[in-house]
Every structure is written in structure tokens, then in C-alpha cells.
Amino acid sequence: MFYRHIFPTYFGYAGILFQTRPFLVKRILLPHWNKAGLLARTASCSEKKRAGFTQDLSPCPKEEVPWECLRLSANIQAYFRGKPIKTNWTFLDITGLTPLQHSVLEAVADVAYGEVKTYSEIAAEIGRPRAARFVGTTLASNPFPVLIPCHRIIRADGSAGGFSGGTNLKERLLTLERRLFCTHRRPCSGLQHRVE
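Residue numbering for the sequence shown follows the numbering used here, beginning at 1197 and increasing consecutively.
Here is the structure:
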């Protein structure tokens, strides 16, 4: 059975689409400023199709939400308050991904909190230096945003580039991470990534 778990964050309501027995995350829903908007997005045919659902999503009763889902939602809430989040592949359903798409997501998962890389740099890391567009296309349909931090991948000119949650949210996430990263690790200047 497929369920949705909606929860508040500092950036709005976010969600986890998941299955039980075994627990697998099908998709992470980026924050929306109101719950109704997020619920409308989960009910849309295109969102369900991207997540691989063929049936309706039921809200999971609070007392039945799996502990793995509660832990993940708490980690996502902490992320939106400025705490780094680690990717735990154990519960992510990657069955619909090609091996090359999976390699893109693995490379992106390794981009550290507060850091950015370009689409071209990720393409080179996966052994396909001319596949920057493929990297961008793969990240546009990333089912696990924030867990797989596709917002940390920017254009070679230093601009933000696209993001499934919109450019504004991408820039807010980069600002949040950069501010905290710079405060705790080293001095920084601006968000722009310099390409040598």
C-alpha cells in the first residue's frame, strides 16, 4: 500500500510518499507554503506518475506512520532549520532508475553541505564529461530532493540553474547552507561557484 506523510518545516509543508512492508521512500515532496497546495500536488496525475504510483495515495494515520518515516521527516525538518542531512540509501526506492541515472544521484549525494558543483563537474565524475545536459535532466526528475541534494548543482557560469522546487527555493537552500557552512567552517564570499 502507498501512503503520504505530510509534515511542517520552516520552509512550508513537506511530504514523503512511501510504501510499507517493506518501508521504501518513493518520493520526497519539497515544501509548499500551505498544506492544501502540497496535497493538491500529491493528488495530481503528473506527480503520481513521476513517483511511479498507479493507485491513489492515502494519508497514513499518525499512529501507523512507520518509525523510519518519522525519523526521516524529523531529519528533513532539521535540514530546513539548517542542520546537514545524510543520504541513507537503505530506504530509497531506486528501482525506476537506469544505472547511469543512479550514478548521477550517487555523485550528487557526495556533494558536501555548503558546497556546490556544476552539472559539468558531475558529468566528469561519472565518466561522461560531455553529458552535462543528461545530468541536468536526471536531476530535474530527482525523486529524493534534499536527500540527494540536487540543489547544490549549478551552472558553469555560477548561476543557480533549474530546480524542481523552483529557482527561488534552490537559491534559498543554497543561502541557508552557505550561511551556516561559512559560519562554522571558513569565510565565504557570495554564492557563486568559480569555475577554473
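Built from N, CA and C at the ideal position, the CB exists for glycine as well.
From the options, residue whose alpha carbon lies closest to that of residue i
i: F1287; options: L1266, G1361, V1304 and L1296; result: L1266
i: R1321; options: G1358, A1305, A1336 and A1210; result: It should be pointed out that residue 1321 corresponds to Glu in this sequence rather than to Arg. It is A1305.
i: E1373; options: L1226, R1223, T1216 and V1342; result: V1342
i: R1375; options: Q1297, I1212, F1276 and K1258; result: F1276
i: A1308; options: A1274, T1205, L1370 and L1234; result: L1370
i: G1292; options: R1223, I1212 and P1257; result: R1223
i: F1203; options: T1294, W1229 and V1312; result: W1229
i: P1295; options: K1282, F1359, F1330 and K1313; result: F1330
i: E1302; options: D1289, I1344 and F1198; result: I1344
i: I1212; options: V1312, F1359, E1311 and P1339; result: P1339
i: F1146; options: T1314, T1205, A1232 and E1260; result: Any question about residue 1146 goes unanswered here, given that the chain covers just 1197 to 1392.
i: G1310; options: A1336, P1262, D1289 and G1278; result: G1278
i: N1284; options: V1221, M1197 and G1323; result: V1221
Element boundaries [alpha helix (DSSP H), containing residue i]
i: R1277; result: Segment: none, R1277 is in no alpha helix (DSSP H) and carries neither H nor E.
i: H1347; result: Here H1347 belongs to no alpha helix (DSSP H), and DSSP marks it neither H nor E.
i: L1335; result: A1328 to A1336
i: I1318; result: Y1315 to E1321
i: G1292; result: G1292 -> no alpha helix (DSSP H), and no H or E assigned at all.
i: R1324; result: Here R1324 belongs to no alpha helix (DSSP H), and DSSP marks it neither H nor E.
i: R1217; result: No alpha helix (DSSP H) holds R1217; DSSP gives it neither H nor E.
i: K1231; result: K1231 to A1239
Distance CB(residue i)-CB(residue j) smaller than 7 Å
i: L1225; j: A1210; result: yes
i: T1333; j: V1300; result: no
i: P1227; j: F1207; result: yes
i: P1255; j: R1217; result: no
Beta strand (DSSP E) segment containing residue i, residue limits
i: Y1199; result: F1198 to T1205
i: R1223; result: L1220 to H1228
i: G1310; result: Careful: G1310 lies outside any beta strand (DSSP E) and carries neither H nor E.
Near the ligand GTP: residue i beta-carbon under 6 Å from a heavy atom
i: G1354; result: No copy of the ligand GTP occurs in the structure displayed, which carries no ligand at all.
With three or more beta-carbon pairs closer than 8 Å as the criterion, would you say the region 1347-1366 touches the region 1306-1320? Segments in contact, yes.
Any contact of the region 1254-1270 with the region 1363-1373, i.e. 3+ C-beta pairs under 8 Å? no
I'd like the ranges of any alpha helix (DSSP H) spanning at least 4 consecutive residues and lying wholly in the region 1350-1375. You should have found no qualifying run.
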